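Colleague: The numbering of the sequence shown is my numbering, which starts it at 6 and goes up by one.
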Amino acid sequence: MKIGLVSPYDLAYPGGVANHITQLAKQFHDWGHEVKVIGPTSNPENIIENAHYITMGRTVPFPSGGSLARISLSFWLEPKIKRLLREERFDVVHIHEPFSSFLPLCFLFLSKTINVGTFHAFRDSPRLYGISKLLLTRWFNKLDGRIAVSKPAMQFVSKHFPGDYHIIPNGIDIDRFSKETKPIDKWNDNKINILFVSRLEKRKGLKYLISAFGDLKWNHPNLRLIIVGSGNLDEDSQRILSARKINDVIIQGSVSHSDLPRYYKTADIFCAPNTESESFGIILGEAMAASKPIVASSIEGFKSVITDGQEGILVKPKDSTQLAKALDTLINNPALRHRMGATGRKRVEQFRWEKVAGEVLTYYKQLLKLK
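(1) I believe isoleucine 255 touches histidine 225 by the beta-carbon criterion, under 8 Å. Please report the beta-carbon distance rounded to the nearest angstrom.
(2) Measuring only the C-alpha atoms, how far is arginine 204 from phenylalanine 161?
(3) To the nearest angstrom, report how far apart asparagine 317 and alanine 292 are at their CA atoms.
(4) For the beta strand (DSSP E) containing histidine 86, name the first residue and the last one.
(5) What residue from Val320, Glu359, Gly176 has the CA that sits closest to leucine 3's CA?
(6) Tell me which residue opens and which closes the alpha helix (DSSP H) that lysine 41 is part of.
(7) In this structure, does DSSP put glycine 219 in helix, strand or coil?
(8) Determine the burial state of aspartate 15: buried for a count of at least 16 other Cβ atoms within 10 Å of its Cβ, exposed for fewer.
(9) Any contact of the region 245 to 265 with the region 353 to 366, i.e. 3+ C-beta pairs under 8 Å?
(10) Report the residue from His25, Gly290, Val260, Ser105 whose alpha carbon sits nearest the alpha carbon of valine 310.
(11) For a quick check, are the C-beta atoms of leucine 211 and aspartate 333 less than 8 Å apart?
(12) Is lysine 212 close to chain C? Criterion is C-beta to C-beta, closer than 8 Å.
(13) Secondary structure at tyrosine 170, three-state DSSP: helix, strand or coil?
(14) Closest to lysine 308 by CA distance: which of Ala329, Ser282, Lys330 is it?
(15) Which residue comes first and which comes last in the alpha helix (DSSP H) that contains lysine 360?
(16) How is the alpha helix (DSSP H) around arginine 342 delimited, first residue to last?
(17) Give the DSSP-derived three-state secondary structure of threonine 186 in the structure shown.
(18) Note down, in chain order, each residue of its chain lying with its Cβ closer than 6 Å to the Cβ of lysine 7, except the 5 sequence neighbours on either side.
(19) Taking only three categories from DSSP, how would you classify serine 325?
(20) What does the alpha-carbon distance come out to for the pair glutamine 32 and tryptophan 223?
(21) Pick from Gly150, Asp149, His171: whose alpha carbon is nearest that of proline 157?
(22) For aspartate 180, tell me which candidate among His125, Ala294, Asp324 has the shortest Cα-Cα distance.
(23) Compute the beta-carbon to beta-carbon distance between valine 121 and leucine 372, rounded to the nearest angstrom, for a pair I have assumed lies under 8 Å.
(24) Which first and last residues belong to the beta strand (DSSP E) in which isoleucine 231 is found?
(25) What would DSSP say about aspartate 313, mapped onto helix, strand or coil?
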C-alpha cells in the first residue's frame, strides 16, 4: 500500500503529533508499505537526508491551546501539492489535524484518493471550530475516514462536526521505556524521586506540584523533585520556590531522546499535574511502560489512559493540597507503588505501536473496500 502521512506541525520539532506520525511511518515501512511523511519544517537540512520525508513550507510559532504550534502559513504550496499527489498516486492520504492550517486543508481539498483524518486535540473552549464551522464543512465532507485518539478528542470535534469516528489511541514506544537501563547515578541514593516530564507551560500545572512538594518536604526531607522539559519556569513557580526556599528541586531542562528512559528509571513516582487541554496522556504511558506509579490530574484525556486507584491516583486539577495528599500516600507505601507500577506495565500493552498501527492499517483496508 502507498500511504501519505501529512503533518501540520514542524517535522524537525518534537511533539505529540509529529512523534505519532513518525512512529506510524516506521511501523508501516517495517511491514513493507511505501510511506511518505509530508509536512513543514524549520530545519530542512536535517530532514532532507531521509528519503521518506517530503518537506513543504517553513514554520512559524502560533499560539494554540496554551502552547505554541509550529505550523506553516505558506499559501503558495498548492501547485507543489498538486504535483506531488499526481506523481505519488497514494492509495491513502492520512492527514493529522486536518483543520489546523493551510497545508492539511490543501491536501484534503486536492486529494482524490481515500482521505483519512486523525483528530488529536481536546480543548475546553472550542471557539476555533465554532467560528470556522461553516468554512470547514466543505473540507470535512471530503474525509472518507475519521479517527480520534481518545473519547475526549472525539467529543470535542463531533460537537461541531458530527459523524462516525473511529477511536484509535496514541501509541507508546513501550520497549524504549521498559528495557533495563541504568538510573542516573547522582540521584540513585536514599531519596525518593518524584519526576515531572513536560514542556514548562502554564497548562502543565507545574506550580501546583512545586507547592505540593514544598508542603511534603516538611515531613519527608528525603524527597527530591526532578523537572524535565523545555522552556522556563513560570513566574508563579519561581515565586513559590523563592518565597518558601524549597530545596531538592532539580530543573534539568530538555534531555536527549536516548537519556529520557533513564529519568523514568530513576523516578520512584511520576507526577502529571496538568490542568487542561490534554486529549491523551503519552507521558502517562511512558511512565507505565517504565513500571512507575502515577499521580495525575483527573482531566478527561488522562482518565482515558489510567484508572484511579489502579495504575495511579487521580486528583482534582489545580489543587496542590490533594496533589500533596496523593503523593504522600505513595511516599509512605512502597508496596502500593510497586503494585500500581506493575498494573500500569500490564495495561500499557494495549498502546503498543504495533497494535495501534495495525488498527490504523485495518481501517485503511476497510475504507478501500468501500471506495
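No residue lacks a Cβ here, since even glycine has one placed at the ideal position from N, Cα and C.
Owing to the predicted nature of the structure, the values given are computational and were not obtained by experimental measurement.
Modeller: This is what the structure holds:
(1) Not really, about 16 Å apart at Cβ, beyond 8 Å.
(2) 23 Å
(3) Note on residue identity: the sequence assigns glycine, not asparagine, to residue 317. Taking the straight line from one Cα to the other gives about 10 Å.
(4) The amino acid occupying residue 86 in the given sequence is isoleucine; histidine does not appear at that position. Note, isoleucine 86: premise wrong, no beta strand (DSSP E); alpha helix (DSSP H) at 83 to 93.
(5) Given that the chain is displayed from residue 6 to residue 376, the structure contains no residue 3 and the question cannot be resolved.
(6) Segment 39 to 44 is the beta strand (DSSP E) holding lysine 41; no alpha helix (DSSP H) there.
(7) helix
(8) buried
(9) no
(10) Gly290
(11) no
(12) In summary, chain C is missing from the structure at hand, where a single protein chain is found.
(13) coil
(14) Ser282
(15) 358 to 375
(16) 339 to 352
(17) coil
(18) Glu39, Phe95, Asp96
(19) helix
(20) 48 Å
(21) His171
(22) Ala294
(23) 7 Å
(24) 228 to 233
(25) strand
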